[in-house]
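Chains A and B, in that order, give the protein sequences.
Taking my numbering, I'd label the letters of the first sequence as residues 1 to 284.
Taking my numbering, I'd label the letters of the second sequence as residues 285 to 568.
Beta carbons: idealized from backbone N, C-alpha and C, even for Gly.
This one's a predicted model, so the numbers in the text were calculated from it and none came from an experiment.
Comments concern the structure below.
2 protein chains.
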Amino acid sequence: MSVYGGIETGGSKWECAIGTGPDDLRATETIPTTTPEETINRAIAFFDREGPVVAIGIGSFGPVDQKLTSATWGHITSTPKPGWAYTDIGQEVRRRLAVPVAFDTDVNAAALGEHRWGAAQGLDTFCYITVGTGIGGGGIAGGKLLHGLVHPEFGHMRIPHDRRRDSFDGICPYHGDCWEGLASGRAIEARWGRAAVDLEGDEAVWALEAHYLALGLVSVICVLSPERILLGGGVMNQAGLLSRTNGEVSRLMNGYLDHATDITAPELGSWSGVLGAIALAETA
Amino acid sequence: MSVYGGIETGGSKWECAIGTGPDDLRATETIPTTTPEETINRAIAFFDREGPVVAIGIGSFGPVDQKLTSATWGHITSTPKPGWAYTDIGQEVRRRLAVPVAFDTDVNAAALGEHRWGAAQGLDTFCYITVGTGIGGGGIAGGKLLHGLVHPEFGHMRIPHDRRRDSFDGICPYHGDCWEGLASGRAIEARWGRAAVDLEGDEAVWALEAHYLALGLVSVICVLSPERILLGGGVMNQAGLLSRTNGEVSRLMNGYLDHATDITAPELGSWSGVLGAIALAETA
């Protein structure tokens, strides 16, 4: 069985892994995200030391250029993350390790991981959404990873924002009160003055969060009609938030469709992304 | 060349056609939508008289059941249209005309028509949206018509609604101020007391309309990243509305992505649906 490499590049850390699947991870390493040069060098060193692999998959924070025909394929593009805009990752890894590389968004990679080994096995049309520092979404429609002009950017949808209930302006540098601007981990921390993890059990916090999450999910459901939505990311670790969000989605849909999209947790937990990157490597 | 039949079932009229494409429509008929029995009988009579055809495609108002494995495949399901909920169309047409039938939503059919002969030729991922009496959307992602648990229902996304600017409650019987509830032709007429066509040139009307349309389009762009969005339907006949809506989408996206989805008019005009139904027939 061929051994693949996977990299999940995140805004705060990179996860690197070598193996064939969740039951066969032969080496893993977590690398803090510092400068592009230092971070990429450490990832290359990991694969030099622990390899060889037949191909590498990379699931990256974005926006990214994943168009195979593009001159800047494999680059992170217009990210607001300081120092990282227009950084080449895919081509650099391919050149230095001399292996085929497949490159996509972190959330499309996670979707692929869950499709292969997790909570989306056998599904044709589903989404993977992460609610963490930011909000991102990817998925599979009609059996194929969601790509288009670029790739999905679920976090930047606009949702209703009742300022009488929540006067917070939102934290998105581009859009203020878009979905990510109102409902991401950074938004929660900025609104309430404490990190999500320190707000456990605060009724007002989680009622509002479930409401905002549900408003975005309704749009995803109305556009894609996914069979299932997997809701991952650190914010979703809050006890009761998933079930409360499901309740809000039902309330908002108000019986309009006869069938309800199943909204549930990913099965691979924090491994969805890097395992998905390994699954992605098989397509390189 | 095989000759196909197409039916576009609308809430106010059905369009029936026989032919091979836009340059070869051998017979067409417009039938007013009355009771299911009478309307279906008239469509059957048209094909009896003008046929034979090798297969029929049906693009229907919805929600519909287009799952091939379902016992109620070919049915309109939970529509609020009086007398039409849970009406079998696809199986009835197949049985009475004894030909293969392909069945999908009106907007997926229109998307397919534009893909085959119109403004979406050669595209892999795009949407067709109609802004008429209601708002509906369909399209193709990764080369395949958008299907999932059921099918897209773009019109029922929630969008921001600033009640200081617009105190209108919306007209959706399920959701009040969803996209369709605020921005459809029926919503315009209910809010301003006159039909859209009689409000030409009224600055407040069309500034608000472009704003609402753009808010929904931003969600579609963030979920699907379409290469192009085709905006059809009667409301879009308002001079300047398309270009104003484009401007609002740009303003709302605020330069977040390097690439902008092309938002333009369908090329087949009011024929997208029935021609798309003919294209759909080829898949029956």
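* **Reduced DSSP secondary structure (H/G/I, E/B, other) of V434(B)** => coil
* Asked: Taking C-alpha atoms, which residue in T371(B), L309(B) and L429(B) lies nearest to T323(B)?
  -> T371(B)
* To do: Please go through the same chain and pick out, in chain order, the residues whose beta-carbon is closer than 7 Å to the beta-carbon of W368(B), but skip the five residues on each side of it.
  => P320 and I360
* **Proximal residues to E511(B) (C-beta, below 8 Å), its chain only, five neighbours per side dropped** => L407, D408, T409, F410, T545 and D546
* To do: Give a yes or no on whether the C-beta atoms belonging to P100(A) and A284(A) are separated by under 8 Å.
  => yes
* To the nearest angstrom, report how far apart Y540(B) and E376(B) are at their CA atoms. => Distance between the alpha carbons of Y540(B) and E376(B): 49 Å.
* **Nearest neighbour of G143(A), chosen from A120(A), P152(A), I129(A) and M157(A) [CA to CA]** => A120(A)
* Asked: Do you know whose CA, among K81(A), I89(A) and G57(A), lies nearest Y174(A)'s CA?
  -> That would be K81(A), whose Cα lies nearest to the Cα of Y174(A).
* Asked: Going straight from the alpha carbon of V533(B) to that of V502(B), what length do you get?
  -> 6 Å
* So, R158(A) versus L499(B), is the Cβ gap smaller than 8 Å? -> yes
* Listing by chain order, which chain B residues have their CB less than 8 Å from the CB of F154(A)? -> C506 and V507
* Asked: Does any C-beta atom of chain B lie closer than 8 Å to the C-beta of V64(A)?
  -> Closer than 8 Å: no.
* **Simplified DSSP assignment, three categories, for T30(A)** => strand
* Asked: Relative to chain A, which residues along the stretch 439 to 453 of chain B have a C-beta separation below 8 Å, given in chain order?
  -> G439, H440, M441, R442, I443, P444 and H445
* Residue range of the beta strand (DSSP E) that includes Y286(A) -> The displayed coordinates of chain A run from 1 to 284. Any statement about residue 286(A) would go beyond what the structure contains.
* Using a Cβ-Cβ cut-off of 8 Å (strictly less than) and excluding sequence neighbours within five positions of A549(B), which residues of its own chain qualify? -> Counting only Cβ-Cβ distances below 8 Å, and skipping sequence neighbours, we find A403, L514, L515, G516, M520 and L526.
* Measuring only between beta-carbons, confirm whether T417(B) sits less than 8 Å from chain A. => For T417(B), the answer is no, since every Cβ of chain A falls outside 8 Å of its Cβ.
* is_contact[V99(A), chain B] using C-beta, thresh 8 Å -> no
* Per DSSP, what kind of secondary structure is T304(A) in: helix, strand or coil? -> Nothing about residue 304(A) can be read from this structure; chain A reaches only from 1 to 284.
* Cβ shell of V337(B) (< 7 Å), same chain only, five flanking positions each side left out -> V287, Y288, G289, I302, F331 and V383
* S250(A) at chain B interface by Cβ criterion, 8 Å -> Interface flag for S250(A) against chain B is unset, since no Cβ pair is found closer than 8 Å.
* **CB of D268(A) within 8 Å of CB of T245(A), strictly** => The question names Asp, but residue 268(A) in the sequence shown is Leu. The answer is no: Cβ separation not under 8 Å.
* Using 8 Å as the limit for Cβ to Cβ distance, is L492(B) near chain A? -> no
* Asked: What in chain B is Cβ-close to N254(A), meaning under 7 Å?
  -> Y458 and H459
* Unbroken beta strand (DSSP E) run spanning A386(B), endpoints -> V385 to T389
* Shortest alpha-carbon distance to I340(B) belongs to which of R379(B), D349(B), T353(B) and P306(B)? -> R379(B)
* **For H211(A), three-class secondary structure by DSSP** => helix
* To do: Compare the Cα-Cα distances from S70(A) to each of A183(A), V150(A), P32(A) and I44(A) and report the closest residue.
  => V150(A)
* For the alpha helix (DSSP H) containing L231(A), list its first residue and its last residue. => Careful: L231(A) lies outside any alpha helix (DSSP H), inside the beta strand (DSSP E) at R228 to G232.
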